[in-house]
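Numbered per our numbering, the sequence shown spans residues 19 to 507. By construction, the Cβ of each residue, glycine as well, lies at the ideal position given by its N, Cα and C atoms. One structure is given here, and the rest of the page talks about it.
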Amino acid sequence: MPGNSGVLVRAAANGTGDSGPPRVTEPVTEGAGIRELQAALAGQVYLPGSLGYDRQRRGHNLAVAHAPAMIADVTGPADVMAAVSYAASHGLPVAVRNTGHGVSLPADEALLIATHRMQGVRIDPYAGVARIEAGVRWSRVIHEAAPFGLAPLSGSAPDTGAVGYTLGGGLGLLGRAFGYAADHVRSIDVVTASGTLRTAHQDQYADLFWALRGGKGNFGVVTSLEIGLVRAPRIFGGGLYFPGRAAAEVLHAYRRWTRDLPDAMTSSFAFTRFPWDREVPEPLRGRSAVHLRFAFHGPAADGEGLVAPLRRLTVPLLDTLRDMPYADTGSIHNDPPGPLAVHERGVRLRELDEDAADVLIGLAGPDSTCPLRLVELRHLGGALGREPEVPSAVPGRDAAFQLYLAGVPGGADGMQVEPVAQEIVDRMEPWTAGAASLNFLGAADAAPERIRTVFAPADLRRLAEVKRIYDPDRLFRFNHNIPSMRPGG
Ligand SMILES: Cc1cc2nc3c(=O)[nH]c(=O)nc-3n(C[C@H](O)[C@H](O)[C@H](O)COP(=O)(O)OP(=O)(O)OC[C@H]3O[C@@H](n4cnc5c(N)ncnc54)[C@H](O)[C@@H]3O)c2cc1C
19 MPGNSGVLVR AAANGTGDSG PPRVTEPVTE GAGIRELQAA LAGQVYLPGS
69 LGYDRQRRGH NLAVAHAPAM IADVTGPADV MAAVSYAASH GLPVAVRNTG
119 HGVSLPADEA LLIATHRMQG VRIDPYAGVA RIEAGVRWSR VIHEAAPFGL
169 APLSGSAPDT GAVGYTLGGG LGLLGRAFGY AADHVRSIDV VTASGTLRTA
219 HQDQYADLFW ALRGGKGNFG VVTSLEIGLV RAPRIFGGGL YFPGRAAAEV
269 LHAYRRWTRD LPDAMTSSFA FTRFPWDREV PEPLRGRSAV HLRFAFHGPA
319 ADGEGLVAPL RRLTVPLLDT LRDMPYADTG SIHNDPPGPL AVHERGVRLR
369 ELDEDAADVL IGLAGPDSTC PLRLVELRHL GGALGREPEV PSAVPGRDAA
419 FQLYLAGVPG GADGMQVEPV AQEIVDRMEP WTAGAASLNF LGAADAAPER
469 IRTVFAPADL RRLAEVKRIY DPDRLFRFNH NIPSMRPGG
């Protein structure tokens, strides 16, 4: 293993892993290099067997267990440059992790760069922008922006990493009103495979800037982003939870309802199986339900008016719709807090006609034995369907819905989630326009033939060219990797 041919120290954990110079205490093997890397970092290097290694390699999604050759727990761009240069010169591939919400391939034998200590957030309320460092979660940006009536284009779960989310497109709660989070990026600081820190924006490294926004972690380690914020002190939103037996009526009504909506309304539908868990609200505990989620950017009365026909469909188990501060928007989807092992799949749908809805109801509805926790349809279109002023690599502007599936492998009922998810993907093929944007793909969608379906052919060629320029040796390969366009690549 390349990592073990390097050095040889076991770095002592300091309990918190967040302060002071590293204490290198115990020689564990022979070689050269890690001492050199440790000396170059303000952060800490962890080797297999060292205290703290296990804590550092685990993330939110436990479905993929990483066994990196070493972990660099970095504190800033200088650490990232040193870690990438070290990896490049020792022939080690590089993986990046912040929260571990997004899994692809196990980062085995890689140098894993953990960014969670890079916590800088700076809001410029006059320009309506934020500068965020690589380790920041959305909850932090939401909190810092709120006093100015501003909000980021965050998604369903405020504890996801803001940078990973944005690079993967960033399909947010207000997506139809404002577009993808990636559409609002102003500039990107990124350490590419040569160990060079570059600032990419529309007039500088323009191809790299285009590729990073949608092509995610393929081109380097992003150390910070400057993002545009939107004015959204409050929104009207929440969820309507109906009994699972009403699934057909609700899905067909929802599908028709989405045909004629203002861009200010973003919504989704989900078949959900709630575990028997005290954390789950009592009316939902242990039940199957259908969950409609709404986020309306506009006066609450207008939002109320728009959702009224759906509210009247049948008696809901729970109705959480209300005028709310943006800071409460994590309650709209109410995603499980984790960590959890999750098997996930994602596809884009060209349309959701009556037949497509019936197929889904048969596969995931109340009369099915579907073991997936979540079968979700997010309504696209609006600003999500328009190219931003500065084009990006975010795929699928013409899709009508995104279908996302999530299940816990080895669930209590013993039913395998993987084949069920595969069957749904296969049966929805007639309506499918390719795999979803990279944020909604898991380990099962990491193969090159799957990634080829994410992007349009011309964009895929351009992404492959940018990858060839900035990552010629494919150092950054533990992700949903852009395939090479070379024969056999
Ligand atoms: C509960 C839940 C809800 C979600 N909701 C949404 C949603 O509403 N909308 C949406 O678009 N997505 C959503 N996602 C997907 C999420 O945005 C992605 O999983 C995203 O990658 C999370 O980033 P992270 O840094 O937290 O995860 P990590 O697992 O730490 O990182 C995932 C990948 O992102 C890349 N990456 C992360 N940081 C960097 C960096 N600094 N430089 C280069 N590459 C980097 C790497 O390829 C890395 O492997 C959700 C995921 C979960 C689990």
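- Around the beta carbon of A224, fewer than 16 other beta carbons sit within 10 angstroms, so the residue counts as exposed.
- In the DSSP assignment, V147 forms a beta bridge with D142 and G246.
- Distance from R311 to S286 at the Cβ level is roughly 5 Å; contact confirmed, criterion being Cβ atoms closer than 8 Å.
- Collapsing the DSSP output to three states places R368 in coil.
- When only Cα atoms are considered, R273 and I379 end up about 13 Å apart.
- In this structure, the C-beta of A152 approaches ligand 1 to less than 6 Å from one of its heavy atoms.
- By the Cβ rule, the stretch 157-170 counts as touching the stretch 250-260, because three or more pairs are nearer than 8 Å.
- One Cα belongs to L390, the other to S212, and the distance between them is close to 42 Å.
- Here DSSP, grouped into helix, strand and coil, assigns V181 to helix.
- L358 is classed as exposed because its beta carbon has fewer than 16 other beta carbons within 10 Å across all chains shown.
- DSSP lists F254 and M283 as the beta-bridge partner residues of F314.
- Beta-bridge annotation (DSSP): P261 is paired with A307.
- By DSSP's assignment, Q420 forms a beta bridge with R366 and R396.
- Between W156 and P124, the CB-CB gap reaches or exceeds 7 Å.
- DSSP places N116 in the coil class of the three-state scheme, outside both helix and strand.
- Minimum Cα-Cα distance from P299 among the listed residues T332, L324, P354 and A326 corresponds to P354.
- Cβ-Cβ distances below 6 Å link G193 to T284 and L402 in the same chain, with the five nearest sequence neighbours on each side left out; the list follows chain order.
- For Q220, the three-state secondary structure derived from DSSP is coil.
- Beta-bridge partners assigned by DSSP to V239: V209.
- Taking the C-beta atoms as reference points, T93 is found no nearer than 7 Å to G118.
- Within the model, the alpha-carbon separation for D91 versus V114 is close to 10 Å.
- Look at the beta carbons and you see the stretch 481-495 not touching the stretch 462-469: under three pairs across the two are nearer than 8 Å.
- One thing to note: V365 has its Cβ within 7 Å of the Cβ of V443.
- Of all alpha-carbon atoms in A282, C388 and Q440, the one lying nearest the alpha-carbon of R363 is that of Q440.
- According to DSSP, residue pairing for I89 in a beta bridge involves Y64 and L130.
- With a beta-carbon spacing of about 7 Å, R231 and L185 fall inside the 8 Å limit used to define contacts.
- Out of M88, W228 and I245, the CA that lies nearest to the CA of S410 is found in W228.
- With a cutoff of 6 Å, K485 does not count as near ligand 1, since its C-beta is closer than that to no heavy atom of the ligand.
- Sorting M433, T450 and S386 by C-alpha distance to the C-alpha of D416 places T450 at the top.
- Collapsing the DSSP output to three states places V102 in a helix.
- P427 carries a coil assignment under DSSP once its states are collapsed to helix, strand and coil.
- For G452, the uninterrupted beta strand (DSSP E) segment begins and ends at T450 to A453.
- Relative to ligand 1, N499 has its C-beta separated by 6 Å or more from all heavy atoms.
- Bounds of any beta strand (DSSP E) do not take in P111, whose DSSP letter is neither H nor E.
- Minimum Cα-Cα distance from A288 among the listed residues L191, A382 and L370 corresponds to A382.
- For P475, the enclosing alpha helix (DSSP H) stretches over residues P475 to Y488.
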